[in-house]
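**Student:** Per mature numbering (1 follows the signal peptide of the UniProt record, and there is no 0): the sequence shown = residues -19 to -1, 1 to 475. Here a beta-carbon is modelled for each residue, glycine too, at the ideal position from N, C-alpha and C.
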Amino acid sequence: MRYAYAATTALLLTGSALALVNGSPVTAQTALPVSAQANLAPAGAPASFADLVVQLQPAVVNISTKQKVQVATSLNPFTGERRPVTQEQASGGSGFLISSDGYIVTNNHVVAGGPTGDAVDRVTVTLFDGKEYTAEIVGRDPQSDIALLKIKATDLPFVAMADSTKSRVGDWVIAIGNPLGLSSSVTAGIISALQRNIGAGGAYDRFIQTDTAINPGNSGGPLFNLKGEVIGINNRLISPIGANIGVGFAIPAEEAKPVIESLKKGVRPERGYLGVGIRPVNEKLADSLGIEKNRGEEVTGVVPGQAGDKGGLKEFDIVLKIDGQDVSPERTLSYIIANTKPGSRATLEILREGKPQKLNVIVGTRPTEEQIAKSNFNPDEQKEFDGETNEASAKYLRDALGISVIPLDEAIARRLGIPADTRGLVIDIAGSGTVAQAGIQRADIIVSVNYKSVTTPEELVTAIKSARAAGRSNILLGVRRRGGPTQFAAVGID
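(1) Going by CA-CA distance only, name the one from 286, 198 and 434 that's closest to residue 76.
(2) I'd like to check one pair, residue 272 with residue 315: are the Cβ atoms closer than 9 Å?
(3) Give me whichever residues DSSP pairs with residue 223 in a beta bridge.
(4) Go ahead and pull the three-state DSSP assignment for residue 39.
(5) Please confirm if the segment 228 to 247 is in contact with the segment 77 to 94, defined as three or more CB-CB distances below 8 Å between the two stretches.
(6) Could you give the C-beta distance for residue 283 and residue 295, rounded to a whole number, given that I count them as a contact under 8 Å?
(7) Helix or strand or just coil, what does DSSP make of residue 485?
(8) Excluding the five sequence neighbours on either side, which residues of its own chain have a C-beta within less than 8 Å of the C-beta of residue 278, listed in chain order?
(9) DSSP three-state label for residue 294, please.
(10) Spatial neighbours of residue 103 within its chain, please: C-beta separation below 6 Å, excluding the five flanking residues on both sides.
(11) For residue 264, I'd like the list of residues in its chain whose CB is within less than 7 Å of its CB, leaving aside the five on either flank, ordered along the chain.
(12) Buried or exposed: which applies to residue 349, given that a residue is buried once 16 or more other Cβ atoms fall within 10 Å of its Cβ?
(13) Start and end of the beta strand (DSSP E) containing residue 176?
(14) Residue 191 and residue 154 - do their beta-carbons sit closer together than 9 Å?
(15) Look at the alpha carbon of residue 106 and the alpha carbon of residue 115, and state the distance between them as a whole number of angstroms.
(16) How far does the beta strand (DSSP E) with residue 122 in it extend, from its first residue to its last?
(17) Where does residue 314 sit, in a helix, a strand or coil, going by DSSP?
(18) Just to confirm my understanding: we take residue 118, look at its own chain, exclude 5 residues before and 5 after, and list those with CB closer than 7 Å. What are they?
(19) Leaving out five residues before and five after residue 297 in sequence, what residues of the same chain have Cβ atoms less than 7 Å from its Cβ?
(20) Starting from the C-beta of residue 476, find all residues in its chain whose C-beta is less than 8 Å away, skip the five residues before and the five after it, and write them out in chain order.
(21) Would you kindly check if the distance between the Cβ of residue 445 and the Cβ of residue 430 is under 9 Å?
(22) Can you look up residue 418 in the DSSP assignment and give me helix, strand or coil?
(23) Between which two residues does the alpha helix (DSSP H) harbouring residue 240 extend?
(24) Taking 7 Å as the limit between beta carbons, can you name the residues of its chain near residue 89, skipping five residues before and five after?
(25) Would residue 36 be called buried (16 or more neighbouring beta carbons within 10 Å of its own) or exposed?
(26) Leaving aside the five residues before and after residue 205 along the sequence, list all residues of the same chain whose C-beta is less than 8 Å from its C-beta, in chain order.
(27) From which residue to which residue does the alpha helix (DSSP H) around residue 377 run?
(28) What's the gap between the Cα of residue 201 and the Cα of residue 27?
(29) Helix, strand or coil: how does DSSP classify residue 4 here?
(30) Would the beta-carbon of residue 159 fall within 9 Å of that of residue 166?
(31) So what's residue 457 in DSSP terms, helix, strand or just coil?
(32) Looking only at its chain, what residues have a beta carbon closer than 6 Å to the beta carbon of residue 69, apart from the 5 residues adjacent to it on each side?
(33) Run through DSSP, which three-state label would residue 89 get?
(34) Between which two residues does the alpha helix (DSSP H) holding residue 445 run?
(35) Just how far apart, CA to CA, sit residue 224 and residue 372?
(36) Among 377, 451, 422 and 455, which residue has its Cα nearest to the Cα of residue 439?
Shown next as structure tokens:
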């Protein structure tokens, strides 16, 4: 189960259940008229979910995993040498059968081992009747947090996936899973929100929010509507205590289905990509530009050579629409582009220096998570960067910002895995000063101060002195991390 710590039908009734018989779903019967639904409690609430649950439980599975991990080193009392200690870690989650021949859907994080995100060594699936199978991991997609498993069995009960957008806030839903190892546990609640953006970013930051009890171990399990259809895959919760407080989230089934189909075919899901940094347009900026608040996003940086750069996007552009769709907190730029087919042409309506423009961009393909990880420099690496800084400037920057910087050259750029022509100041040491407090790390690159480019320590010193002379207590640093887009951070210079 993922945590986000906050600072934090079917006749239940007697007749329209989605039955599971001989591995095939039976078409739901027409619901009885309200006057005939004797099993309804006051205000339309179901008197019991039992008839539905007994048909759905056989399609929900328990998933347990084993992974060998090196946890520490032990001291040999005879030789005085240290040696690796390997332990086997066990974890678990839930899943559900989507075919009679043993395909199972779950969350990627259920079958991903440890901080590296590699697949676990062994996956065991336990069916409702207690039978155990060793499962094959058919495919995993870390970005959507979806994985597809396969067991060697036939004539299995399975459930169908439906479109959650046809549901409404307030509809009843049922979760079945293995919270805290308690297999086949059933909880019920309502849909609290649809298409909820929780700030996770990217293509899949649109969740079904529910007050149905979801706890560790529910991950990967199904969220059913009252027709017995899977409308979501239980995924995470928000809680200050690490347990359910009625704020749980499920991946919408209609967004998961294309990923599952790709994994089944052995094809990596492709997503659109521009290679730009963005942030929402705040109220003051919207007012100054004469646009509605909560509309559009500002480009904070453009990665050289990527689709956005090739299409003409520039820092400080305001993207208002993509192919006629408004960019908003509910439909962000990253969400729309990630769900746009790579290679297709997208028309962006932007504001540049207050003037409307249109750009035609050929959408790129998002790199794999592995490619992104490989391009990341390890900021904890102890080897220093080669370069020289005037001692007076060095002392001034240590005192003012608590950092040591050197000019970025081709050799350092290659080491960081960024274009050789990138210019700026690479942070060699980020102590405990205001820069570090702003989240800026060693090996980050300072490219501007108050929107003016800096390439030498002396230029950075001059910018700080100018700001102090003007009575300012903060400067705005433009910072790029390992070739990513420029992000901005205000840091104190008192």
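**Tutor:** This is what the structure holds:
(1) When each option's Cα is compared against that of residue 76, the closest is 198.
(2) Cβ distance not < 9 Å, so residue 315 and residue 272 don't count as in contact.
(3) According to DSSP, which records beta bridges pairwise, residue 223 is partnered with nothing at all.
(4) helix
(5) yes
(6) Rounded to whole angstroms, the Cβ separation of residue 283 and residue 295 is 6 Å, and the two are in contact under 8 Å.
(7) Not covered by the structure: residue 485. The range shown for the chain is -19 to 475.
(8) 259, 260, 261, 262, 299, 300, 308, 313 and 314
(9) coil
(10) 47
(11) 274
(12) exposed
(13) 166 to 177
(14) yes
(15) Here the alpha carbons of residue 115 and residue 106 stand approximately 6 Å from one another.
(16) 117 to 122
(17) helix
(18) Result list for residue 118: 92, 100, 104, 128 and 130, in chain order.
(19) 279 and 280
(20) With the chain covering -19 to 475 only, the question about residue 476 has no answer from this structure.
(21) Residue 430 is a Cβ neighbour of residue 445, given a cutoff of 9 Å.
(22) Looking at residue 418 - three-state DSSP - the assignment turns out to be helix.
(23) 234 to 246
(24) 121, 122, 123, 126, 127 and 128
(25) buried
(26) Result list for residue 205: 33, 37, 140, 154, 155, 156, 157, 211 and 212, in chain order.
(27) The continuous alpha helix (DSSP H) containing residue 377 extends over residues 372 to 382.
(28) 26 Å
(29) Unreliable positioning characterises residue 4 in this predicted model, as indicated by a pLDDT of 42, which lies under 50. The coordinate reading is nonetheless provided below. Three-state result, residue 4: coil.
(30) yes
(31) Strand, per DSSP.
(32) Non-local C-beta neighbours of residue 69 in its own chain, meaning closer than 6 Å and more than five positions away in sequence, comprise 47 and 49, ordered along the chain.
(33) helix
(34) 438 to 450
(35) Cα to Cα, residue 224 sits roughly 53 Å from residue 372.
(36) 377
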